[in-house]
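The numbers in the numbering used here rise by one with no breaks, and the one at position 32 of the sequence shown is 49.
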Amino acid sequence: MPKEKNSGFIPYGRQWIDEDDIRAVARALSCDYLTQGPGVERFEEALAGYLGARFAVAVSSGTAALHLACLAVGVKDRLEAITTPITFAASANSAVYCGGKPVFADIEPHTFNINPDEIRKKITARAKAVIPVHFAGLACDMDAIRAIADERGLTVIEDACHALGAEYKDLKGKWHKAGSCAHSDLSIMSFHPVKHITTGEGGAILTNSPELYERLMLLRTHGITKKPDAFKNKAMAFDENGAPNPWYYEMQEAGFNYRLTDLQCALGISQLKKLDAFVARRRRIADIYSAAFKGIDLITPQAVSAGRVSSYHLYAVQIDFKRLGKSRARIMTELKEKGIGTQVHYIPVHLQPFYRERFGCKKGDFPVAEAYYEKALSLPMYPKMTDDDVRRVVQAVTGLLKVA
Ligand SMILES: *Cc1c(COP(=O)(O)O)cnc(C)c1O
Numbered sequence: 018m019p020k021e022k023n024s025g026f027i028p029y030g031r032q033w034i035d036e037d038d039i040r041a042v043a044r045a046l047s048c049d050y051l052t053q054g055p056g057v058e059r060f061e062e063a064l065a066g067y068l069g070a071r072f073a074v075a076v077s078s079g080t081a082a083l084h085l086a087c088l089a090v091g092v093k094d095r096l097e098a099i100t101t102p103i104t105f106a107a108s109a110n111s112a113v114y115c116g117g118k119p120v121f122a123d124i125e126p127h128t129f130n131i132n133p134d135e136i137r138k139k140i141t142a143r144a145k146a147v148i149p150v151h152f153a154g155l156a157c158d159m160d161a162i163r164a165i166a167d168e169r170g171l172t173v174i175e176d177a178c179h180a181l182g183a184e185y186k187d188l189k190g191k192w193h194k195a196g197s198c199a200h201s202d203l204s205i206m207s208f209h210p211v212k213h214i215t216t217g218e219g220g221a222i223l224t225n226s227p228e229l230y231e232r233l234m235l236l237r238t239h240g241i242t243k244k245p246d247a248f249k250n251k252a253m254a255f256d257e258n259g260a261p262n263p264w265y266y267e268m269q270e271a272g273f274n275y276r277l278t279d280l281q282c283a284l285g286i287s288q289l290k291k292l293d294a295f296v297a298r299r300r301r302i303a304d305i306y307s308a309a310f311k312g313i314d315l316i317t318p319q320a321v322s323a324g325r326v327s328s329y330h331l332y333a334v335q336i337d338f339k340r341l342g343k344s345r346a347r348i349m350t351e352l353k354e355k356g357i358g359t360q361v362h363y364i365p366v367h368l369q370p371f372y373r374e375r376f377g378c379k380k381g382d383f384p385v386a387e388a389y390y391e392k393a394l395s396l397p398m399y400p401k402m403t404d405d406d407v408r409r410v411v412q413a414v415t416g417l418l419k420v421a
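Shown next, in the form of structure tokens:
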């Protein structure tokens, strides 16, 4: 058994790998297929089953999943995909990969999620898709987003990379898992080690649409199909008796090698069994934090709206550094000296040099997101944190927040 490193340092996030996982990967290593074997389909079925979506396509990363999703729904030729500036760059980059144009819509001040009213304002005749991100594991207002998308003929791609295990209640009172595609055409998952479950690198696209599913499967594997009923060139594909030629395959578009391996899927299947326990532990940690910070007005955690159960990928807070009289950099350094890692999620994507230079984005474009950013800090959040670890973080943070 690998020894837990007991350095005493509490990072802002980390994976949980145990004996089961190691055994599962070791078993997969001695199987016949290391890349696309039976484990891939098993993982896809388990994932789709967990989320309650019809199809899952496992791919090599969340970023690859976003790329294929944008391609599959036809984001191209400067057509626009609307997303939030408070996300990982990949949510917006995915539109750029396909020749589309990312357009940002500002966030809500308390949930930090994309604001449906702002989406509405950003829709032009070139709008093709909207990519809501369930920030930190808190589901967006999917009823509102679906309604706007239907009204304006947009596709909804849910970036659920933060939200495996999160749930939300729709207007009819029915509960859904985030990423189940109940209110979206496609949803995206990431299995990077900092996310809820890991495959090393890895991702998936979920959908209820057989057409999108077929397209994604093709794009994942070089645009090549081996399915006789999909072949276009009948003369080359079939012999004179109409039987498919055994060597034949057909490349129908310029796809990619975005496969997830059997080894990784073995890890994914093993991790998925523990997901509910992981998420329960994250919620427990969030409860301890929230109780401890209640009544301290310098620190405000993300507001969990009614009808939402967060999966707490992050524990994101707003700290009024100005009023505190200490910079964020100084607070982060002081916490680090006490053995506590923190991070900022995220630098608004529209302020990145690439977006300023290519798309003319500038400071002031998204005032709510920019105000959020000034106060943003993510505290340690991962299932392996002990109650003692959580107490250490609470003590250190509340200690630093005492105005001198
Ligand atoms: C992690 C993440 C991604 C990208 O996932 P990778 O697996 O790292 O490529 C995309 N969007 C969001 C919101 C993420 O947090």
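Beta carbons: idealized from backbone N, C-alpha and C, even for Gly.
Contact test: residue i Cβ vs ligand 1 heavy atom, cutoff 7 Å
{"i": "G220", "result": "yes"}
{"i": "S204", "result": "no"}
{"i": "K212", "result": "yes"}
{"i": "A107", "result": "yes"}
{"i": "S201", "result": "no"}
{"i": "C178", "result": "yes"}
{"i": "S424", "result": "With the chain represented from 18 up to 421, any question about residue 424 goes unanswered, as that position is not in the structure."}
{"i": "G79", "result": "yes"}
{"i": "L188", "result": "no"}
{"i": "S207", "result": "yes"}
{"i": "T278", "result": "no"}
{"i": "L396", "result": "no"}
{"i": "V147", "result": "no"}
{"i": "T104", "result": "yes"}
{"i": "L292", "result": "no"}
{"i": "V150", "result": "yes"}
Proximal residues to residue i (C-beta, below 6 Å), its chain only, five neighbours per side dropped
{"i": "R71", "result": "N225"}
{"i": "R408", "result": "none"}
{"i": "L233", "result": "V74, L85, A89 and I222"}
{"i": "S201", "result": "V173 and E175"}
{"i": "S78", "result": "E218 and G220"}
{"i": "Y230", "result": "F72 and T224"}
{"i": "G342", "result": "none"}
Close beta carbons around residue i, own chain, < 7 Å, minus the five adjacent residues each side
{"i": "M253", "result": "Y265"}
{"i": "F255", "result": "P261 and N262"}
{"i": "G356", "result": "G25, F26 and I27"}
{"i": "G69", "result": "K194 and S197"}
Residue burial classification, residue i (beta-carbon count within 10 angstroms, cutoff 16)
{"i": "T278", "result": "buried"}
{"i": "E125", "result": "buried"}
{"i": "A177", "result": "buried"}
{"i": "G154", "result": "buried"}
{"i": "D49", "result": "exposed"}
{"i": "R44", "result": "exposed"}
{"i": "K244", "result": "exposed"}
{"i": "P263", "result": "exposed"}
{"i": "T403", "result": "exposed"}
{"i": "E61", "result": "buried"}
{"i": "K194", "result": "buried"}
{"i": "K339", "result": "exposed"}
{"i": "D314", "result": "exposed"}
{"i": "K145", "result": "buried"}
{"i": "K118", "result": "buried"}
{"i": "M268", "result": "exposed"}
{"i": "K419", "result": "exposed"}
{"i": "T80", "result": "buried"}
{"i": "A98", "result": "buried"}
{"i": "A112", "result": "buried"}
Nonlocal neighbours in the same chain, by C-beta distance under 8 Å from residue i, ignoring five residues either side
{"i": "K138", "result": "A122"}
{"i": "G381", "result": "E387"}
Whole-Å CB distance - residue i paired with residue j, under 8 Å assumed
{"i": "G285", "j": "T216", "result": "4 Å"}
{"i": "V334", "j": "L396", "result": "6 Å"}
{"i": "V414", "j": "A393", "result": "No, V414 and A393 are not in contact; Cβ-Cβ is about 14 Å, not under 8 Å."}
{"i": "C157", "j": "I131", "result": "6 Å"}
{"i": "A65", "j": "S287", "result": "Wrong, their Cβ atoms sit about 17 Å apart, outside the cutoff."}
{"i": "L236", "j": "F208", "result": "In fact, because the Cβ distance is near 19 Å, the residues do not count as touching under 8 Å."}
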